[in-house]
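J.:
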Amino acid sequence: MNESLVLLSVTAITIGFVHTILGPDHYLPFIVLSEAKKWTLRKTIFITFLCGLGHVGSSVLLGLIGIGVGISLNKLVAVESFRGNIAAWLFIAFGFVYLVISIRNLVKKKKHSHSHFHTGGEHHSHEHDHFYEHTHVHENGVLKTTPWILFLIFIFGPCEPLIPLVMYPAAQSNVSGIVIVSLLFSIVTIATMMSIVIAFKLGLSRINLKPVEKYSNVIAGSMILFSGLAIQFLGL
0 MNESLVLLSV
10 TAITIGFVHT
20 ILGPDHYLPF
30 IVLSEAKKWT
40 LRKTIFITFL
50 CGLGHVGSSV
60 LLGLIGIGVG
70 ISLNKLVAVE
80 SFRGNIAAWL
90 FIAFGFVYLV
100 ISIRNLVKKK
110 KHSHSHFHTG
120 GEHHSHEHDH
130 FYEHTHVHEN
140 GVLKTTPWIL
150 FLIFIFGPCE
160 PLIPLVMYPA
170 AQSNVSGIVI
180 VSLLFSIVTI
190 ATMMSIVIAF
200 KLGLSRINLK
210 PVEKYSNVIA
220 GSMILFSGLA
230 IQFLGL
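Its first residue numbered 0, the sequence shown is counted upward by one per residue in numbering that gives the first Met the number 0.
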């Protein structure tokens, strides 16, 4: 391995770690949804890994195709930017819909009392809610398909620094250089995502969240919406 490839490898590792840490969309959705939907640690790790794989895999594939057929760097960066806009708006739309459904379900779950008078003057009251009595099978479809929606969003979501800062410079060496730096970047990015999610998952398991448990889906929807807004308007 020549000196330039060693430097690019270190760069790939550093950028993979830093860009993941600075992007709340890489881990925040998994943390809040895991708590809201009561995912096990194993399921949380698997979903995070799968989405991370789609996230880096789509950019690696695009970079390999672009370099292979000689597409200019500026055009590839433009494509990645366009994909980033799509992913951001998908995050915003998903978070908004999830939040609205969660608030609606929370209101329906709120119990209230009804008074009844019977013949002879007898009176009684009872509490009930409108959630379990009137829920349709399809009503929470968005909530049930959450992992697949996340996976789709992460496939659209690009690793912006990968192609211009890592893959294209490595292409000046040889094909094996591109493969090495791409693998290093991908492994570090996915490993960082999973490490942060696992750390929060284990940390939250030690905290009593019962007082806010009924608001967990509302919080999850808000955090996903925040992630999308942060990507689109703050460039995170």
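Every residue, glycine too, gets a C-beta built ideally from N, C-alpha and C.
This structure is a prediction, so every number in the text was calculated from the model and none was measured.
With burial defined as no fewer than 16 other Cβ atoms inside 10 Å of the residue's Cβ, what is the status of ASP128: buried or exposed?
T.: Along the sequence shown, one-based indexing puts residue 128 at 129. Confidence at ASP128 is low in this model, with a pLDDT of 49, below 50, so its placement is unreliable and no value can be given for it.
J.: So, do the region 208-221 and the region 65-82 have three or more beta carbon pairs nearer to each other than 8 Å?
T.: With a cut-off of 8 Å on Cβ pairs, the region 208-221 is not in contact with the region 65-82, counting fewer than three such pairs.
J.: At which residues does the alpha helix (DSSP H) containing VAL217 begin and terminate?
T.: Residue 217 sits at position 218 when you count from the first residue of the sequence shown. Per DSSP, VAL217 belongs to the alpha helix (DSSP H) from 215-233.
J.: For HIS133, which of helix, strand or coil comes out of DSSP?
T.: Taking the first residue of the sequence shown as 1, we reach residue 133 at position 134. Because HIS133 carries a pLDDT of 46, less than 50, the predicted location of this residue cannot be relied on, and the following value inherits that uncertainty. If DSSP states are grouped into helix, strand and coil, HIS133 belongs with coil.
J.: Whole angstroms are fine: how far does the CA of ALA169 sit from the CA of SER181?
T.: Counting from 1 along the sequence shown, the entry for residue 181 is found at position 182. Counting from 1 along the sequence shown, the entry for residue 169 is found at position 170. Going by the C-alpha atoms only, they are around 9 Å apart.
J.: Taking ILE14 as the reference, give the member of SER33, ASN173, VAL55 with the closest Cα.
T.: Along the sequence shown, read from residue 1 onward, the residue named residue 14 stands at position 15. Closest option to ILE14, Cα to Cα, is VAL55.
J.: Go ahead and label SER3 buried or exposed: buried means 16 or more other beta carbons lie within 10 angstroms of its beta carbon, across all protein chains shown.
T.: Here the question's residue 3 lines up with position 4 in the sequence shown. So SER3 counts as exposed.
J.: Distance check for LEU203 and SER221, CA to CA, integer angstroms please.
T.: Taking the first residue of the sequence shown as 1, we reach residue 221 at position 222. Taking the first residue of the sequence shown as 1, we reach residue 203 at position 204. Their backbone Cα atoms lie some 18 Å apart in a straight line.
J.: Would DSSP call ASP128 helix, strand or coil?
T.: For the purposes of this step, residue 128 is taken as residue 129 along the sequence shown, with counting starting at 1. In this prediction, ASP128 has a pLDDT of 49, which is less than 50 and means its spatial position is unreliable; what the coordinates show is noted afterwards. In this structure, ASP128 counts as coil in the three-state DSSP scheme.
J.: Would you mind giving the Cβ-Cβ distance between PRO23 and ILE223, rounded to the nearest angstrom? I have them listed as a contact below 8 Å.
T.: The residue you call residue 23 lines up with position 24 of the sequence shown. The residue you call residue 223 lines up with position 224 of the sequence shown. Not confirmed; about 10 Å, so no contact.
J.: Can you name, in chain order, every residue of its own chain whose Cβ lies under 7 Å from the Cβ of VAL187, other than the five neighbours on each side?
T.: As a first step, residue 187 is located in the sequence shown; it is residue number 188 there, counting from the start. The residues are ILE12, GLY15, PHE16.
J.: Is the CB-CB distance between PRO157 and ILE46 below 8 Å?
T.: Here residue 157 refers to the residue found at position 158 when the sequence shown is read from its first residue. Here residue 46 refers to the residue found at position 47 when the sequence shown is read from its first residue. No. Outside cutoff.
J.: Check whether the Cβ atoms of LEU164 and THR19 sit closer than 8 Å, and answer yes or no.
T.: Numbered from its first residue, the sequence shown carries residue 164 at position 165. Numbered from its first residue, the sequence shown carries residue 19 at position 20. No, they are not a contact pair.
J.: Can you tell me where the alpha helix (DSSP H) with TRP147 in it begins and where it stops?
T.: As a position in the sequence shown, residue 147 is number 148, starting the count at 1. 145-155 is the extent of the alpha helix (DSSP H) around TRP147.
J.: Among PHE184, VAL174, CYS50, TRP38, which one has its Cα closest to the Cα of ILE64?
T.: Within the sequence shown, numbered from 1, the residue matching residue 64 stands at position 65. Checked all of PHE184, VAL174, CYS50, TRP38; the closest Cα to ILE64 is VAL174.
J.: Roughly how many whole angstroms lie between the Cα atoms of HIS25 and THR191?
T.: Along the sequence shown, one-based indexing puts residue 25 at 26. Along the sequence shown, one-based indexing puts residue 191 at 192. Taking the straight line from one Cα to the other gives about 9 Å.
J.: Whole angstroms is fine: what's the gap from ILE162's alpha carbon to PHE225's?
T.: By 1-based counting over the sequence shown, the position of residue 162 is 163. By 1-based counting over the sequence shown, the position of residue 225 is 226. If you take the alpha carbons of ILE162 and PHE225, they lie about 27 Å apart.
J.: Since I believe GLY227 is in contact with ILE91 (beta carbons under 8 Å), could you give me their beta-carbon distance rounded to a whole number of angstroms?
T.: The count along the sequence shown starts at 1 and reaches residue 91 at position 92. The count along the sequence shown starts at 1 and reaches residue 227 at position 228. 4 Å between Cβ atoms; contact.
J.: If distances are taken between C-alpha atoms only, which option among GLY51, LEU21, VAL78 comes closest to LEU62?
T.: As a first step, residue 62 is located in the sequence shown; it is residue number 63 there, counting from the start. Before going on, a small fix: residue 62 reads as Gly here, not Leu. Checked all of GLY51, LEU21, VAL78; the closest Cα to GLY62 is VAL78.
J.: If we ignore side chains and look at the alpha-carbon of each, how far apart do ASN104 and TYR97 end up?
T.: Here residue 104 refers to the residue found at position 105 of the sequence shown. Here residue 97 refers to the residue found at position 98 of the sequence shown. Going from the Cα of ASN104 to the Cα of TYR97 covers about 10 Å.
J.: Expressed to the nearest angstrom, what Euclidean distance is found between the alpha-carbon atoms of THR43 and SER33?
T.: Here residue 43 is taken as the residue at index 44 of the sequence shown, counted from 1. Here residue 33 is taken as the residue at index 34 of the sequence shown, counted from 1. Roughly 6 Å between the two C-alpha positions.
J.: How should LEU7 be labelled, buried or exposed, when 16 other C-beta atoms within 10 angstroms of its C-beta is the threshold for buried?
T.: Taking the sequence shown and counting its residues from 1, the one referred to as residue 7 is at position 8. Label assigned to LEU7: buried.
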